[in-house]
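Chemist: My numbering numbers the first residue of the sequence shown as 6 and each following residue consecutively. Heads up, the beta-carbon is just placed ideally off N, CA and C, and yes, glycines get one too.
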Amino acid sequence: MEANRQLWDDRVDVHHRSEFYDVAGFREGRSTLGPIELEELGDVAGGGLLHLQCHFGLDTLSLARRGARVTGVDFSEPAVALARTLAADLDIEARFVHSNVYDLTRVLHEQFDVVFTSHGVLTWLPDLPEWARVVARFLRPGGTFVIVDGHPMAQCCEEVDGRLEVRWSLFDKNPAELVTRTTYACDEVLPDARPNFQWTRPVSDMVSALIDAGLRIQRLRELPFDNWRRFPSMTRDEDGWWRMPGDPVPLLVACRAVKPL
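Written out as structure tokens, the structure is:
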């Protein structure tokens, strides 16, 4: 995870400047939450909400603007520092904690009404059962967990000459080792080429981990669109989502679970 953390440290300033994140628009009141996240979360006003892998906190702060009492967590110290700066600049009440998911129980001890995580999260985590146990640990009885993430099937594919080809196995337990100086958010090149490690697993691994941790699945959806241009032939639909011609594979997965009373 140290190599991955260094990559995300490098991305903070680049993402802060990018049109993709549109921090200027956020400062003027734009919400970064999409309709899928809002539908799954429901009314968060007045509740305690823990946002795991929050990056530099735009979604966390958007949830605070909707009335949630938010705590954002990220393993990148520059990301947490920027999140705190934005919260202070905009006078938004929010707490940000510097920690990776697996060590969070060492620094945070309360429970929350909602635990939330979204968009590009599970691929960076080596141990899904332990991740699910952390989620369950921080949910109060009756609390809700929501995840909206890239679909692992899409992560196994690459577009070649306008067609999707499966290039990586969904069932390989070993991480893919990549070296990159690029980012999904813009064309700006990162200062260093960083090795990073990503895991791809079937959706059933996530669902089973949550069930084994004691949560009850309320809803699971596989969706044919994404919030970024994953493949070159994707175009934006009238709702602003990026889609492939013919919707050949799911691009997002959304899951809501509850911790029984």
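#1: Taking the straight line between their C-alpha atoms, what separation do you get for residue 134 and residue 241?
#2: Whose CA, out of 42, 92 and 89, lies closest to the CA of residue 151?
#3: Beta carbon of residue 126, beta carbon of residue 144: below 7 Å?
#4: Counting along the chain, where does the alpha helix (DSSP H) carrying residue 137 start and finish?
#5: Residue 101 CB to nearest chain C CB: under 7 Å?
#6: Assuming contact is defined by CB atoms lying nearer than 7 Å, are residue 73 and residue 49 in contact in what I supplied?
#7: Does DSSP put residue 123 in a helix, in a strand, or in coil?
#8: Determine the DSSP secondary structure at residue 84, reduced to helix, strand or coil.
#9: When you compare only the Cα positions, how much space is there between residue 78 and residue 33?
#10: So if DSSP puts residue 247 in a beta bridge, which residue, or which two residues, is it bridged to?
#11: Using a Cβ distance threshold of 8 Å, determine whether the stretch 83 to 97 contacts the stretch 58 to 69, with at least three qualifying pairs required.
#12: Report the option in 202, 103 and 53 whose CA atom is closest to the CA atom of residue 147.
#13: I'd like to know if the stretch 203 to 221 and the stretch 172 to 188 are in contact, where contact means that at least 3 CB-CB pairs between them fall below 8 Å.
#14: Within the same chain, show all residues whose beta-carbon is closer than 8 Å to that of residue 161, passing over the 5 residues directly before and after it, in chain order.
#15: Hey, could you find the ends of the beta strand (DSSP E) residue 163 is sitting in?
#16: Taking residue 267 and residue 256 to be in contact with their CB atoms under 8 Å, please state how far apart those CB atoms are, rounded to whole angstroms.
Modeler: So, from the listed chains and residues:
#1: Near 35 Å, if we compare the C-alpha coordinates of residue 241 and residue 134.
#2: Nearest option by C-alpha distance: 42.
#3: With respect to residue 144, residue 126 sits apart: the two C-beta atoms are not nearer than 7 Å.
#4: Residue 137 -> alpha helix (DSSP H) spans 133 to 143.
#5: Judged by its chain identifiers, the structure shown contains no chain C, having just a single protein chain.
#6: Yes.
#7: In the structure shown, residue 123 adopts extended strand secondary structure according to DSSP, grouped into three states.
#8: Reduced to three states, the DSSP call for residue 84 is helix.
#9: Here the alpha carbon of residue 78 sits roughly 24 Å from the alpha carbon of residue 33.
#10: Looking at the DSSP assignment, residue 247 forms a beta bridge with 231 and 241.
#11: Verdict: yes, contact present.
#12: When the alpha-carbon of residue 147 is set against those of 202, 103 and 53, the nearest one is in 53.
#13: These segments touch.
#14: Cβ neighbours of residue 161 beyond the five flanking positions: 171, 172, 173, 174, 175 and 205.
#15: Counted as a single uninterrupted DSSP element, the beta strand (DSSP E) harbouring residue 163 occupies residues 162 to 165.
#16: Nothing in the structure corresponds to residue 267, since the chain is present only between 6 and 266.
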